[in-house]
Amino acid sequence: MNEDFNEVRPQVSAKSLDDELINSILPSYHMFQSTISKRLVPNDENYKVDPPRYEMSPLNSGAVTPVASAATMSPLAMFDLSEFPFPNPNPNLNPEDDSEDFTQNSAQLFEKTILANVHKLDNLMDTSNSMASHLDVEITFTDSVCQKGVKPNIIDVSNREYRQEEYLHGYVTMTNRFTEPIPFDIVYVIFEGSLVVVQSSNGPKDHTHPPTVFKFLNMPDLFASWTYANIDRLATDEGNPHDWCVGEKDPYDDTVLSIDAKRLFQPGVTYKRFFSFRIPDRLLDDNCDVHNLDGHCTMLPTLGNPVSITSSRRFHDFTEKKIKDFSFMDTFISYSVSTKIIGKASQYNHKVPKDKFVLTKEVSVPIRVLPFTIQPEYPDYWAKKVLASFKALKDTVEQKIDEGTLVLLSKNSGSVLSLTSMVSQLSPLTSRGLTSEKLRHLYNVPSTSSKNNKSEELPLYQNLTSYRKQKLTGFSKVLGVFSLSTPKIKYSFPYIPPLQYRNPLQRYNTQLEIPIDISYSYEYEGDNQTPPEPKSVSCELIVMTARSKKHLIPLEFNHDMCFLDYVVDDFATKKTGEDYPNFDSIVIKPYHDYLHRLTSIMKRVGFNDDAFRVETQLFKDIKSLATLQTKHINLAIEDVRIESSSDSSMGYYKNLAAIPWSETQATTNANCKIFTKKVKLHLDLDTCHLKGTTPLAGKSAFDTICLVPDFQTCLLVRLYYVRITVKHKNGASQVVHVPVTIE
Numbered sequence: 001m002n003e004d005f006n007e008v009r010p011q012v013s014a015k016s017l018d019d020e021l022i023n024s025i026l027p028s029y030h031m032f033q034s035t036i037s038k039r040l041v042p043n044d045e046n047y048k049v050d051p052p053r054y055e056m057s058p059l060n061s062g063a064v065t066p067v068a069s070a071a072t073m074s075p076l077a078m079f080d081l082s083e084f085p086f087p088n089p090n091p092n093l094n095p096e097d098d099s100e101d102f103t104q105n106s107a108q109l110f111e112k113t114i115l116a117n118v119h120k121l122d123n124l125m126d127t128s129n130s131m132a133s134h135l136d137v138e139i140t141f142t143d144s145v146c147q148k149g150v151k152p153n154i155i156d157v158s159n160r161e162y163r164q165e166e167y168l169h170g171y172v173t174m175t176n177r178f179t180e181p182i183p184f185d186i187v188y189v190i191f192e193g194s195l196v197v198v199q200s201s202n203g204p205k206d207h208t209h210p211p212t213v214f215k216f217l218n219m220p221d222l223f224a225s226w227t228y229a230n231i232d233r234l235a236t237d238e239g240n241p242h243d244w245c246v247g248e249k250d251p252y253d254d255t256v257l258s259i260d261a262k263r264l265f266q267p268g269v270t271y272k273r274f275f276s277f278r279i280p281d282r283l284l285d286d287n288c289d290v291h292n293l294d295g296h297c298t299m300l301p302t303l304g305n306p307v308s309i310t311s312s313r314r315f316h317d318f319t320e321k322k323i324k325d326f327s328f329m330d331t332f333i334s335y336s337v338s339t340k341i342i343g344k345a346s347q348y349n350h351k352v353p354k355d356k357f358v359l360t361k362e363v364s365v366p367i368r369v370l371p372f373t374i375q376p377e378y379p380d381y382w383a384k385k386v387l388a389s390f391k392a393l394k395d396t397v398e399q400k401i402d403e404g405t406l407v408l409l410s411k412n413s414g415s416v417l418s419l420t421s422m423v424s425q426l427s428p429l430t431s432r433g434l435t436s437e438k439l440r441h442l443y444n445v446p447s448t449s450s451k452n453n454k455s456e457e458l459p460l461y462q463n464l465t466s467y468r469k470q471k472l473t474g475f476s477k478v479l480g481v482f483s484l485s486t487p488k489i490k491y492s493f494p495y496i497p498p499l500q501y502r503n504p505l506q507r508y509n510t511q512l513e514i515p516i517d518i519s520y521s522y523e524y525e526g527d528n529q530t531p532p533e534p535k536s537v538s539c540e541l542i543v544m545t546a547r548s549k550k551h552l553i554p555l556e557f558n559h560d561m562c563f564l565d566y567v568v569d570d571f572a573t574k575k576t577g578e579d580y581p582n583f584d585s586i587v588i589k590p591y592h593d594y595l596h597r598l599t600s601i602m603k604r605v606g607f608n609d610d611a612f613r614v615e616t617q618l619f620k621d622i623k624s625l626a627t628l629q630t631k632h633i634n635l636a637i638e639d640v641r642i643e644s645s646s647d648s649s650m651g652y653y654k655n656l657a658a659i660p661w662s663e664t665q666a667t668t669n670a671n672c673k674i675f676t677k678k679v680k681l682h683l684d685l686d687t688c689h690l691k692g693t694t695p696l697a698g699k700s701a702f703d704t705i706c707l708v709p710d711f712q713t714c715l716l717v718r719l720y721y722v723r724i725t726v727k728h729k730n731g732a733s734q735v736v737h738v739p740v741t742i743e
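Shown next, in the form of structure tokens:
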């Protein structure tokens, strides 16, 4: 075989080519001040006047100081030339103080910038403003980096999903169809991500009930946005940063590539700005700067049905674009590439009491982002840390309530309020701690007789239920104990895109295999019992979404806060799956009680009494958890196959009753007889559907629903778990839950 190995080259991906071609931009201080940190209060700069021109003395001259030409003096000339090129627009402010403030509290400063508050600006598109209506803006996407003079390959981004490290390339065109120049102050071309909770049915611009807007991603393209400098966008560019390139055009379509320093869109001129964005791996740490939670800084999936938060127009119903992902109706997570043109109200003859910035024009193209799920590197350590944080906050709150109680006791010595009783009410036993005591009273038999050879310390999800016979007058005495258990394992299955985004050739594994043990035990008293047969088994996928409308969630959550791992109940109570402890009863209800008690103590002590103070952040944390809202969606799984894993009865069965019992001997009590069925449940999540509805024959469940990867952020949480319900012929019902993650 004769090959020329010198011609062999490694395959280079399009992503690596983009990395090599696109230049990295480190913004200067002035560039940063004119874009990202632009303040909400406008200054008095006049951009219609030409900037100063400078002439350098000959090299052999002793004078080397730049001299401004008097004929072209601009507002910048009012500053001392020693300040150039970074003039302080407010002579009463010290730039060093401003820099120090930014270093000390950059997060708070960002909240006061235009970039963080665009949705609060008056929108001229909601008025009949002639300048705004005659300014046309379009965003076009391409499959590769845009270059001057090269024909772009235009793509449609509305029919695909993006993941971390993928690029978004394209260009923005801005055309002035007005008879006069249209001024502006800022042009943003930005890739942004927002979590929005709309507080009113009147829309997001209802000032009496403004929406909660959490902007977790702000990535302005400093080349496409208007800045003070000519930036080398590509690694191959060798431009002069001080050259505005006035009149430079793209020979492909004759569009103007630069906007001059006067910040004017000239009549009849189409301006073009190229952009490139790379979707980040994760969010910046300052997204959770209050609580510093790593889990709140991961990339979030697109969720819900977004609406414009900058327009006061009524909601538009885009039924054909809606995706059933079980979000709250008024809550959404969205990504978009946007162009925002902003100017002063006085520039557009917009009548306001005091001049301010207004949104002249905005065009946004939604981008559907479904990131890869980043699992903790050490899951066991992470789970312990989450539970430790949960307990630490609980202990802190209870300690604060105890302090308030002592203050009340000291103020009112005749009070009957007991600190001991208060502590006992606030510190209930855990489910596992209750087990032995409840078994003893519930079954009225020695506690050891209700246990088989499995230690309760094994990692199991388990449900113990007494067995009684129904009579006309009520229930019989406890005859035995049912046990339903499954290993404490987290299951996972892949994210499946909605039909319009799915590759028809891609196949997804939607099968879950969950082992369960069904046991019946009784204490032998001379008469043998025939173990009662289980009647049926059913499975549901629970979609749990929790949100806070205002206050930031102070914790990370895991499945231990969605259900208990060990449950003991009595058949006489006839519990259903909904009656078992869930996120609402484990997290929300206790903190709702804490909030009520703490508020009551604060009112009785007095809000201005220094004897008892509650830290502001602690109170917000309590209120956040106390006012969380949840949405539980139960998806019934139609296809559940039963396989016996016992050596004597291996194979598939139509129902649990057909599987024979296997008798085992208890090691702790010779009089205790135990019968067990070891079963594997094979679940096909492709057959899940909303309870109460009939699944469509031959259709995948994921043709109509979308289960996004589970995630957590400061205002919204999504978790999944499977509920397994075994019903017995006497009417008893047992439930265990197992965690599920979608990746």
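Here the UniProt record's numbering is used: position 84 in the sequence shown is 84, and no number is missing along the way.
Positions of the beta carbon are idealized from the N, C-alpha and C atoms, including for glycine.
Beta strand (DSSP E) segment containing residue i, residue limits
i	result
SER133	Here SER133 belongs to no beta strand (DSSP E); instead the alpha helix (DSSP H) covers 130–133.
THR741	733–742
ARG613	Note, ARG613: premise wrong, no beta strand (DSSP E); not H, not E.
THR396	No beta strand (DSSP E) contains THR396, which is instead part of the alpha helix (DSSP H) from 379–411.
ASN634	629–644
VAL337	331–344
TYR192	According to the sequence as given, residue 192 is Glu; it is not Tyr. GLU192 -> beta strand (DSSP E) spans 186–197.
THR687	672–690
THR530	Taken as a continuous stretch (DSSP letters only), THR530 belongs to no beta strand (DSSP E), as it is neither H nor E.
TYR721	716–728
Outcome for residue i when other beta-carbon atoms lying within 10 angstroms are tallied against a minimum of 16
i	result
GLY651	exposed
VAL150	exposed
PHE607	exposed
residue 798	This structure leaves residue 798 out entirely; the chain is present only between 1 and 743.
SER158	exposed
GLU523	buried
GLN425	Note that GLN425 scores a pLDDT of 42, beneath 50, so its modelled location is shaky and nothing firm can be said.
ARG468	buried
PHE318	Confidence at PHE318 is low in this model, with a pLDDT of 42, below 50, so the placement of that residue should be treated as unreliable; the coordinate-derived value is given next. Classification for PHE318: exposed.
HIS596	exposed
ASN305	buried
GLY698	exposed
GLY404	buried
HIS209	exposed
ASP143	exposed
ARG440	Any reading at ARG440 needs caution, since the residue's pLDDT is 39, under 50, leaving its predicted position unreliable; the model's value is listed next. Label assigned to ARG440: exposed.
ASP136	exposed
ASN153	exposed
Whether residue i touches residue j by CB criterion (9 Å)
i	j	result
PHE482	ILE518	yes
THR302	ILE374	no
PHE612	ILE622	no
VAL189	THR212	no
PRO554	LEU625	yes
TYR381	GLU192	no
GLY343	ASP185	yes
VAL307	LEU234	no
LEU635	CYS688	yes
ARG718	GLU540	no
residue 744	LYS535	The first residue shown for the chain is 1 and the last is 743, placing residue 744 beyond what the model contains.
ILE333	LEU168	no
VAL363	ASP122	no
Rounded distance between the beta-carbons of residue j and residue i, thought under 8 Å
i	j	result
TYR501	GLU161	5 Å
VAL269	SER258	That belief does not hold up - the Cβ atoms of VAL269 and SER258 are roughly 11 Å apart, past 8 Å.
ILE139	THR298	The pair is not a contact, with the Cβ atoms about 27 Å apart (cut-off 8 Å).
ILE642	VAL537	7 Å
VAL736	THR465	Not quite, the Cβ-Cβ distance comes to about 11 Å (not below 8 Å), so this is no contact.
GLU743	PRO709	6 Å
Range covered by the alpha helix (DSSP H) that runs through residue i
i	result
ARG368	Where ARG368 is concerned, there is no enclosing alpha helix (DSSP H), although the beta strand (DSSP E) it sits in stretches over 357–369.
MET602	589–605
Proximity test, residue i beta-carbon vs the ligand ATP heavy atom, cut-off 8 Å
i	result
TRP382	Looking at this structure, you won't find the ligand ATP or any other ligand, since it has none at all.
Inset, instruction - Examine the Cβ distances between the stretch 528–547 and the stretch 620–630 and report whether three or more of them are shorter than 8 Å. - result: Using a Cβ-Cβ distance cut-off of 8 Å, the stretch 528–547 and the stretch 620–630 are in contact, since at least three pairs of beta carbons, one from each stretch, lie closer than that value.
Inset, instruction - Spell out a yes or no on whether the stretch 249–258 and the stretch 271–286 are touching, meaning 3 or more CB-CB pairs, one atom from each, closer than 8 Å. - result: Yes, the stretch 249–258 is in contact with the stretch 271–286.
Legend entry - Inter-stretch contact at 8 Å, needing at least 3 Cβ pairs: the stretch 486–500 / the stretch 527–534: No: the two stretches stay apart, fewer than three of their Cβ pairs being nearer than 8 Å.
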